[in-house]
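What follows is a short report on a single structure.
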Amino acid sequence: MTLVCDLLIQADTILTQDPDRTVIERGGIAITGDTITDIGTWDSIRPRYHAAKTLDLGRSLVMPGLVNAHTHAAMTLLRGVADDLPLMEWLTKHIFPVEQHLTSEIVELGALLACAEMTRFGTTAFCDMYLLEDATYRAVDRAGLRALGGEGIFMFPSPAYPDTNRGFEIVRELHEKWKAHPRIRQSVMPHAIYTTTPEILTRCRDIAEELTLPLHIHLAETASETRQCLETHGKRPLQYIHELGLLTPQTTLAHCVDLTDDEIALIAETGAVVAHNPESNMKLASGIADVPGMLRHGVRVSLGTDGAASNNALNMFTEMTSCALLHKVHGMDPTSAPAQVVLDMATLGGAGALHLNSVGALMPGMQADIIALDLDAPNLLPLHNPVSHAVYAATGAEVCMTMVAGEVLYNDGAYQKIDYPALVDEVRSLRDWVRSHLA
Ligand SMILES: [Zn+2]
78 MTLVCDLLIQ ADTILTQDPD RTVIERGGIA ITGDTITDIG TWDSIRPRYH AAKTLDLGRS
138 LVMPGLVNAH THAAMTLLRG VADDLPLMEW LTKHIFPVEQ HLTSEIVELG ALLACAEMTR
198 FGTTAFCDMY LLEDATYRAV DRAGLRALGG EGIFMFPSPA YPDTNRGFEI VRELHEKWKA
258 HPRIRQSVMP HAIYTTTPEI LTRCRDIAEE LTLPLHIHLA ETASETRQCL ETHGKRPLQY
318 IHELGLLTPQ TTLAHCVDLT DDEIALIAET GAVVAHNPES NMKLASGIAD VPGMLRHGVR
378 VSLGTDGAAS NNALNMFTEM TSCALLHKVH GMDPTSAPAQ VVLDMATLGG AGALHLNSVG
438 ALMPGMQADI IALDLDAPNL LPLHNPVSHA VYAATGAEVC MTMVAGEVLY NDGAYQKIDY
498 PALVDEVRSL RDWVRSHLA
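Using my numbering, you'd call the opening residue of the sequence shown number 78 and step up by one each time.
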């Protein structure tokens, strides 16, 4: 019997990230609508299906799109404005002053640039915390990517709201506006413990529970955050938010650099997810998260780039390389953070951080969020081990096709949804605006 599907993909090698971590040589994928309906060898898939379209990806490595578990997309506009500074000085003297003047139009443009970068370098879904988040959702909608986002909640006014009460109203409004969108989901996002109060954090928890939304917060990013938390609240950051009821399986904690062993065990016990950001932590010299310890305790760990102002790229391939190398040299142990574990963090772990169970692997029933890398690229030759190439050899520049929910967003150097030349002109013209607001 011949089955019908919308699209058949043919490729040299498919890295599925299924529970057996199956790699298929000369593979095929059948897609109907936004969903993968079948996957196997091309010889087994091809005769079974009548497809409206076929996409022959030739000598390419097909794999799940990477998931960026923590970023601030529109900060692309601030890429390179201030480097080589400690977190608090960088944030309060250089980033916050410009961000005060942000408008919805500017955030949308920065987020669209971020979407273009992520699409180009093989990221298909991301978790975003920012200001005027509605504008980021508009960019994600236009670009075709998938995102979990949230309006950053602070105890002081933001460009989006004059007071925190209004911030909470915006969370509700965004939820109403976007809840039916197939690729955009809302999360409650208190910025950090040092920019909120216990009352604000409790309210965030209550709204997340009421609307059945996940919660995302920067936590234990530096030793100075811990010191300040001890001075202000008499406890360390993790204990502080735990006592406020914020540690649940629906919570994602960004950074988690300054944790004790007991705190890592507590995260494992509560089921919260960690978003590890090695390049941002290295660049701001925030420290090194104990990822091997987290994995030993069974913590769900994902990988993120953080914003482009502290990375300075939104590239999950180079982030994977940095992650694998950092933990090896830190522990003086070359078996630490092996390639498969790091790839799991950037795919299945990311799905956990976005609280999505239909992305991160290529299997029947999963969303068709798929990327392809050109295996004729000199740095990917010859192919012995696709997992090794994905983590250690690829730079993301080899990405030749990016698809989200069955829709091709980028193919053979061309964006299918974003008008890239127009975007370039708009971003270039904004450079003077950014400069005029720098301290
Ligand atoms: Zn961040």
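Yeah, the Cβ is synthetic: ideal placement off N, Cα and C, and Gly gets one too. All values reported here derive from a predicted model rather than from experimental measurement.
I'd like to check one pair, residue j with residue i: are the Cβ atoms closer than 8 angstroms?
i       : j       : result
Leu-450 : Glu-475 : yes
Ser-517 : Val-334 : Any question about residue 517 goes unanswered here, given that the chain covers just 78 to 516.
Leu-138 : Leu-92  : yes
Ala-345 : His-374 : yes
Leu-460 : Glu-194 : no
Ile-106 : Leu-439 : yes
Ala-324 : Ala-297 : Here residue 324 is Leu; the residue named in the question, Ala, does not match the sequence. Taking 8 angstroms as the Cβ cut-off, Leu-324 and Ala-297 do not qualify as a contacting pair.
Leu-154 : Leu-507 : yes
Glu-340 : Thr-382 : no
Ala-414 : Met-393 : no
Leu-361 : Leu-84  : no
Gln-94  : Gly-427 : no
Arg-197 : Asp-453 : no
Met-232 : Thr-201 : no
Leu-486 : Gly-199 : no
Leu-500 : Leu-190 : yes
Thr-347 : Thr-472 : no
Thr-329 : Cys-204 : yes
Ile-270 : Cys-306 : yes
Does the beta-carbon of residue i, which I'm using as the reference point, lie nearer than 7 angstroms to any heavy atom of ligand 1?
i       : result
His-295 : yes
Gly-384 : yes
His-147 : yes
Ala-345 : no
Ala-331 : yes
In three-state DSSP terms, what is residue i?
i       : result
Glu-102 : strand
Ile-365 : coil
Thr-329 : strand
Met-140 : strand
Phe-198 : coil
Leu-209 : coil
Ser-435 : coil
Ala-257 : coil
Gln-177 : coil
Met-266 : strand
Thr-279 : helix
Leu-460 : coil
Asp-120 : helix
Leu-391 : coil
Leu-296 : strand
Arg-215 : helix
Asp-509 : helix
Arg-313 : coil
Met-409 : coil
Leu-288 : helix
Among all the DSSP beta bridges, which residues are the ones paired with residue i?
i       : result
Ala-159 : In the DSSP output, where bridge partners are listed per residue, Ala-159 has none listed.
Tyr-492 : Tyr-487
Val-378 : Val-351
Leu-92  : Val-100
Cys-82  : Ala-128
Ser-235 : Tyr-238
Ile-113 : Ile-108
Glu-228 : Tyr-207
Asp-133 : Gln-87
Thr-148 : Asp-205
Thr-479 : Ile-448 and Tyr-487
Arg-304 : None, per the DSSP bridge assignment.
Arg-223 : Ala-202
Just checking: is the beta-carbon of residue i within a distance shorter than 8 angstroms of some beta-carbon in chain C?
i       : result
Glu-287 : The structure shown has no chain C; it contains just one protein chain.
Using a Cβ-based criterion (distance less than 7 angstroms to any ligand heavy atom), does residue i qualify as near ligand 3?
i       : result
His-295 : No copy of ligand 3 occurs in the structure displayed; its ligands are ligand 1 alone.
Handout entry: Three CB pairs or more closer than 8 angstroms across the stretch 93-106 and the stretch 114-132
Key = yes
Exercise for the section: Evaluate contact between the stretch 260-273 and the stretch 214-224, counting only Cβ atoms and requiring at least three cross-stretch pairs below 8 angstroms. Expected result: yes
Practice task
Answer yes if the stretch 218-232 comes into contact with the stretch 262-279, meaning at least three C-beta pairs across the two stretches below 8 angstroms, and no otherwise.
Solution key: yes
Exercise for the section: Evaluate the contact criterion for the stretch 416-425 versus the stretch 178-186: three or more CB pairs, one atom per stretch, below 8 angstroms. Expected result: no
Practice task
Spell out a yes or no on whether the stretch 489-504 and the stretch 440-447 are touching, meaning 3 or more CB-CB pairs, one atom from each, closer than 8 angstroms.
Solution key: no
Handout entry: the stretch 227-243 / the stretch 302-311 touching (three or more Cβ pairs under 8 angstroms)
Key = no
Practice task
Evaluate the contact criterion for the stretch 147-167 versus the stretch 121-130: three or more CB pairs, one atom per stretch, below 8 angstroms.
Solution key: no
Handout entry: At least three beta-carbon pairs within less than 8 angstroms, the stretch 350-367 to the stretch 402-409
Key = yes
Practice task
Spell out a yes or no on whether the stretch 508-515 and the stretch 165-180 are touching, meaning 3 or more CB-CB pairs, one atom from each, closer than 8 angstroms.
Solution key: yes
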